[in-house]
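S.K.: In full-length UniProt numbering, the protein residues as written are 1 to 301.
1) Along the chain, where does the beta strand (DSSP E) containing residue 124 start, and where does it finish?
2) Just curious, the beta strand (DSSP E) that residue 44 is in, first and last residue?
3) For residue 103, which three-state DSSP category applies?
4) Using DSSP's beta-bridge definition, name the partner residues of residue 152.
5) Could you check if residue 97 is buried or exposed, using at least 16 other CB atoms within 10 Å of its CB as the buried criterion?
6) Which word fits residue 158, buried or exposed, when buried means at least 16 other C-beta atoms lie within 10 angstroms of its C-beta?
7) What's the gap between the Cα of residue 248 and the Cα of residue 192?
8) For the alpha helix (DSSP H) holding residue 212, just list the boundary residues, first then last.
9) Using a Cβ distance threshold of 8 angstroms, determine whether the stretch 128-141 contacts the stretch 48-57, with at least three qualifying pairs required.
10) May I ask you to verify whether the stretch 176-193 touches the stretch 235-251, counting CB pairs closer than 8 angstroms and requiring at least 3?
11) Relative to the C-alpha of residue 178, which candidate in 44, 31, 22 and 230 has its C-alpha closest?
12) Just the C-alpha distance for residue 114 and residue 67, rounded to the nearest angstrom, thanks.
13) Can you give the Cα-Cα distance for residue 222 and residue 216, rounded to whole angstroms?
14) Excluding the 5 residues preceding and the 5 following residue 254 in the sequence, name in chain order all residues of the same chain whose CB lies nearer than 6 angstroms to its CB.
15) Are residue 44 and residue 101 touching if we call contact CB-CB under 8 angstroms?
16) Who are the Cβ neighbours of residue 269 in its own chain at under 8 angstroms, not counting the five residues just before and after it?
17) If you reduce the DSSP assignment to three classes, tell me which class residue 230 lands in.
18) Within this structure, are the beta carbons of residue 302 and residue 236 separated by less than 8 angstroms?
19) Using DSSP's beta-bridge definition, name the partner residues of residue 166.
20) Once DSSP output is grouped into helix, strand and coil, what is the label at residue 72?
21) Would you kindly report the start and end of the unbroken alpha helix (DSSP H) that includes residue 200?
22) Please tell me whether residue 132 and residue 15 are closer than 8 angstroms, where the distance is taken between their beta carbons.
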């Protein structure tokens, strides 16, 4: 199996190490060696690399998409004229992958899943190399689709001892979990980015009071599209903040690195979905505008 991992960020580095025995090729802007650390384990990883300008989907059988949303135009170009035998797994943050990738892909070859793994970019002082630090090992939930490579991929996961952490569920069950994560991210990410605090600190400052409005607006939208959410989602959001108390959200990390964020695929997706059912999400709109203002400041400075 010829495996490609799109992206060279924290999550892509983690998957390149996780599936190292399959000799994956990382596709992105810049390759090279890096350090992956998890608990007390530390490994130097040097995966094969192809730049976006020379990589194409025809070179691979299976592709894992682990980029951030600003790179979506590069992903779309990579999949241009993709063959129907290609299997694609997307583990991106946010929502909207189907709208962005179908076409050129077909619904029968795109598995949009959700992961609770958490990895952050870092720097290894000992080696001087870029690094990725695993802060939480969770699970990946994937929808079952009728693609001939799915059974083969499942066997690969079993052989690698990953069958317990990669789970295959109905499309509706995965969609529900994606909405749960979307709403969690729509609260934690922009609030921590605006306040410049860790996940654990955000619940202790006045800005956290906006979490109630964010959750209520998202609940109304999900209800309008027929998506039933857990009744204790407010507790789950607070619990997630405490479980990842020392973590910086991905959006805060983007702000610190003066990079474009994924706000449009998170809060922006809730806003766009609200409009399709004649609802409004004013708190989500306000936070999206504030994050965009910060991004504009980056461009101007």
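From the three backbone atoms N, C-alpha and C, an ideal C-beta is built for every residue, glycine too.
M.R.: According to the data block:
1) The residue you call residue 124 lines up with position 124 of the chain shown. Segment 118-124, the beta strand (DSSP E) holding residue 124.
2) Within the chain shown, residue 44 is the residue found at index 44, counting from 1. That run of the beta strand (DSSP E) goes 41-45.
3) For the purposes of this step, residue 103 is taken as the residue at position 103 of the chain shown. Coil at residue 103, not helix or strand.
4) Within the chain shown, numbered from 1, the residue matching residue 152 stands at position 152. Beta-bridge pairing links residue 152 to no other residue.
5) The count along the chain shown starts at 1 and reaches residue 97 at position 97. Buried, by the Cβ-count rule.
6) On the chain shown, residue 158 is found 158 positions in, with the first residue counted as 1. Counting the other Cβ atoms within 10 Å of the Cβ of residue 158 gives fewer than 16, which makes it exposed.
7) Here residue 248 refers to the residue found at position 248 when the chain shown is read from its first residue. Here residue 192 refers to the residue found at position 192 when the chain shown is read from its first residue. When only Cα atoms are considered, residue 248 and residue 192 end up about 8 angstroms apart.
8) By 1-based counting over the chain shown, the position of residue 212 is 212. 210-224 is the extent of the alpha helix (DSSP H) around residue 212.
9) With the cut-off at 8 angstroms, the stretch 128-141 and the stretch 48-57 do not touch.
10) Yes, the stretch 176-193 is in contact with the stretch 235-251.
11) Numbered from 1 along the chain shown, position 178 holds the residue referred to as residue 178. The shortest Cα separation from residue 178 among 44, 31, 22 and 230 belongs to 230.
12) In the chain shown, residue 114 corresponds to position 114, counting from 1. In the chain shown, residue 67 corresponds to position 67, counting from 1. Cα to Cα, the separation comes out at about 14 angstroms.
13) As a first step, residue 222 must be located in the chain shown, where it is residue number 222. As a first step, residue 216 must be located in the chain shown, where it is residue number 216. Going by the C-alpha atoms only, they are around 10 angstroms apart.
14) Here residue 254 refers to the residue found at position 254 when the chain shown is read from its first residue. Excluding positions up to five away in sequence, the list reads 261.
15) Taking the first residue of the chain shown as position 1, residue 44 is located at position 44. Taking the first residue of the chain shown as position 1, residue 101 is located at position 101. No. Outside cutoff.
16) Your numbering for residue 269 matches position 269 in the chain shown. So the qualifying residues of the chain are 94, 95, 96 and 182.
17) If you number the chain shown from 1, residue 230 lands on position 230. DSSP places residue 230 in coil when its eight states are reduced to three.
18) Given that the chain is displayed from residue 1 to residue 301, the structure contains no residue 302 and the question cannot be resolved.
19) Position 166 of the chain shown, counted from the start, is the residue given in the question as residue 166. The partner list for residue 166 (beta bridge, DSSP) reads 140.
20) Position 72 of the chain shown, counting from 1, holds the residue named residue 72. In the three-state reduction of the DSSP assignment, residue 72 falls in the helix class, which pools H, G and I.
21) Residue numbering aside, residue 200 sits at position 200 when the chain shown is read from its first letter. Per DSSP, residue 200 belongs to the alpha helix (DSSP H) from 199-202.
22) For the purposes of this step, residue 132 is taken as residue 132 along the chain shown, with counting starting at 1. For the purposes of this step, residue 15 is taken as residue 15 along the chain shown, with counting starting at 1. Contact annotation: residue 132 and residue 15 have beta-carbon atoms that are not nearer than 8 angstroms.
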